[in-house]
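Participant:
In UniProt numbering, the protein residues as written are 1 to 364.
#1: Mark residue 69 as exposed unless 16 or more other C-beta atoms lie within 10 angstroms of its C-beta, in which case mark it buried.
#2: To the nearest angstrom, report how far apart residue 350 and residue 194 are at their CA atoms.
#3: Measuring CB to CB, does residue 47 end up less than 9 Å from residue 31?
#4: Is there contact here, the segment 180 to 194 with the segment 156 to 167, by at least three beta-carbon pairs under 8 Å?
#5: In three-state terms, what does DSSP make of residue 333?
#6: Candidates 308, 12, 305 and 209: which alpha carbon is nearest residue 332's?
#7: Put residue 137 into one of helix, strand or coil per three-state DSSP.
#8: Whose CA, out of 214, 91, 105 and 55, lies closest to the CA of residue 24?
#9: When the Cα atoms are used, what is the spatial distance from residue 284 to residue 142?
#10: Go ahead and label residue 277 buried or exposed: buried means 16 or more other beta carbons lie within 10 angstroms of its beta carbon, across all protein chains shown.
#11: Let me make sure I understand the geometry here. Which of 224, 172, 136 and 353 has the alpha-carbon closest to that of residue 264?
#12: Under the rule that 16 or more other beta-carbon atoms within 10 Å means buried, what is residue 293, buried or exposed?
#13: Should residue 227 go down as buried or exposed, given a rule of 16 or more other Cβ atoms within 10 Å for buried?
#14: Quick check: the Cα distance between residue 235 and residue 353, rounded to an integer number of angstroms?
#15: Excluding the 5 residues flanking residue 197 on each side, which residues of the same chain have their C-beta closer than 6 Å to its C-beta?
#16: Can you name, in chain order, every residue of its own chain whose Cβ lies under 6 Å from the Cβ of residue 72, other than the five neighbours on each side?
#17: Between the segment 37 to 51 and the segment 127 to 134, are three or more C-beta pairs nearer than 8 Å?
#18: In whole angstroms, what is the alpha-carbon distance linking residue 297 and residue 345?
#19: To the nearest angstrom, how far is the alpha carbon of residue 211 from that of residue 152?
#20: Could you tell me whether the segment 80 to 100 touches the segment 53 to 70, using the rule of 3 or more Cβ pairs below 8 Å?
#21: Return the Cβ separation of residue 26 and residue 36 in integer angstroms, given the expectation that the two are a contact with Cβ distance under 8 Å.
#22: Where DSSP assigns a beta bridge to residue 102, which residues make up the other side?
#23: Quick one: residues in its chain with C-beta nearer than 6 Å to the C-beta of residue 305, no 5 flanking neighbours on either side, listed in chain order?
#24: State the start and end residues of the unbroken alpha helix (DSSP H) segment that holds residue 267.
#25: Provide the residue span of the beta strand (DSSP E) that contains residue 347, from first to last.
#26: What ranges does the beta strand (DSSP E) occupy inside the segment 154 to 225, keeping only unbroken runs of at least 3 residues that lie completely in it?
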């Protein structure tokens with residue numbers, strides 16, 4: 001008999017209405033007994049609600065009402081086995097009228113395969129949990145190492161920077177030029193060390209921002225003044241196209257300035273003399289857009305896919321810390337960085353930030 005031999009769990013009930021107390025178990029097959037652990041003699045004559053997962057009772061009630069109306073329905077349901085284990089299965093129910101009585105035949109699709117799937121999923125979850133624990137330990141150790149490394153590097157560098165600044169102040173002629181070169185090199189190294197430290201903090205959600213209302217055009221003008229010597233030395237024209245209206249944005253001033261400087265530095269560093277770099281600000285709705293645009297060598301689609309990945313060795317020799325950190329800083333502001341570029345057609349990096357005002361938030 002198909003009922004007895006079926007691999008699918010089958011339960012037959014009588015139904016006198018859409019409510020669950022109007023449903024009584026008439027018979028179950030061996031596959032159902034194996035699936036739930038209940039013997040036929042233990043559950044015949046009972047309502048099926050006793051083995052329906054409590055959190056799904058409302059769902060099952062709605063299912064019963066649909067069955068009463070449509071005579072055929074399918075759903076996913078949780079069963080409580082005799083041992084107290086919750087098992088989930090996809091069931092199909094068919095309602096028939098026989099001699100003035102409604103009978104419902106419910107099947108659980110491929111019970112044997114369901115058990116295999118459950119066991120397989122449980123094993124995958126166990127392996128994922130173990131792997132996640134190992135990765136968390138490795139990540140914690142890596143972050144500890146990075147913090148210790150940053151400390152060890154900054155300790156001797158701080159007095160070196162102070163001494164080179166003193167040499168710049170007191171030297172003349174060629175000695176002054178040498179001292180200025182040393183000072184710039186030490187400052188660059190300190191900047192990279194700080195980027196490494198900030199990136200390690202961002203990766204464990206420890207990077208913080210302190211927001212305030214900032215005039216965007218003033219911030220961009222300040223950035224331009226900081227980068228002008230660098231651009232002139234490279235033979236690149238640095239220009240600003242400020243928004244025609246007064247713009248204020250609720251941001252961390254130093255962090256966003258750090259992002260703009262990084263984008264401008266990259267544009268100057270990766271393009272040949274004779275190119276131009278523009279910093280453009282504008283507002284649209286409540287959003288602010290700061291674009292760093294150049295007309296230089298451009299970036300291939302393949303390289304664009306890896307731009308914001310940390311610890312990627314670049315063709316220029318960089319470690320890729322700046323862009324990864326910049327993206328994280330902008331994300332902490334609820335924004336994003338959009339890249340548009342084609343080889344030999346220049347690049348455009350746009351910082352998108354929310355919470356922008358075209359007037360000051362208050363007047364003094």
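The C-beta atom is built at its ideal place from N, Cα and C for all residues, glycine as well.
Facilitator: On the basis of the data shown:
#1: Stepping through the chain shown from its first residue, residue 69 is reached at position 69. So residue 69 ends up on the exposed side.
#2: Looking up residue 350 in the chain shown gives position 350. Looking up residue 194 in the chain shown gives position 194. Distance between the alpha carbons of residue 350 and residue 194 is about 24 Å.
#3: By 1-based counting over the chain shown, the position of residue 47 is 47. By 1-based counting over the chain shown, the position of residue 31 is 31. No, they are not a contact pair.
#4: yes
#5: Along the chain shown, read from residue 1 onward, the residue named residue 333 stands at position 333. Three-state DSSP puts residue 333 in coil, outside helix and strand.
#6: Translated into positions along the chain shown, residue 332 becomes position 332. The shortest Cα separation from residue 332 among 308, 12, 305 and 209 belongs to 209.
#7: In the chain shown, the residue the question calls residue 137 occupies position 137. Three-state DSSP puts residue 137 in a helix.
#8: Here residue 24 corresponds to residue number 24 of the chain shown, with the count starting at 1. Considering only alpha carbons, the answer is 105.
#9: Here the question's residue 284 lines up with position 284 in the chain shown. Here the question's residue 142 lines up with position 142 in the chain shown. Their Cα atoms are separated by approximately 41 Å.
#10: For the purposes of this step, residue 277 is identified with residue 277 of the chain shown, where counting begins at 1. Buried.
#11: If you number the chain shown from 1, residue 264 lands on position 264. Of the listed residues, the one whose Cα sits closest to residue 264 is 224.
#12: Start at 1 with the first residue of the chain shown, and residue 293 comes out as number 293. It is buried - the Cβ of residue 293 has at least 16 other Cβ atoms within 10 Å.
#13: As a first step, residue 227 must be located in the chain shown, where it is residue number 227. Under this definition residue 227 is a buried residue.
#14: Residue mapping note: residue 235 aligns to position 235 of the chain shown, counting from 1. Residue mapping note: residue 353 aligns to position 353 of the chain shown, counting from 1. Residue 235 and residue 353: Cα-Cα distance of roughly 31 Å.
#15: Translated into positions along the chain shown, residue 197 becomes position 197. 150.
#16: By one-based count along the chain shown, residue 72 stands at place 72. Correct list, in chain order: 94.
#17: no
#18: In the chain shown, the residue the question calls residue 297 occupies position 297. In the chain shown, the residue the question calls residue 345 occupies position 345. About 6 Å.
#19: Locating residue 211 in the chain shown gives position 211, counting from the first residue. Locating residue 152 in the chain shown gives position 152, counting from the first residue. Residue 211 and residue 152: Cα-Cα distance of roughly 30 Å.
#20: yes
#21: Along the chain shown, one-based indexing puts residue 26 at 26. Along the chain shown, one-based indexing puts residue 36 at 36. Not really, about 16 Å apart at Cβ, beyond 8 Å.
#22: Mapped onto the chain shown, residue 102 falls at position 102. Answer is 15 and 97, bridged to residue 102.
#23: Your numbering for residue 305 matches position 305 in the chain shown. Closer than 6 Å at Cβ, skipping near neighbours: no residue.
#24: The sequence position of residue 267 within the chain shown is 267, counting from 1. Residue 267 -> alpha helix (DSSP H) spans 253 to 269.
#25: Mapped onto the chain shown, residue 347 falls at position 347. First-last of the beta strand (DSSP E) with residue 347: 347 to 353.
#26: 212 to 215
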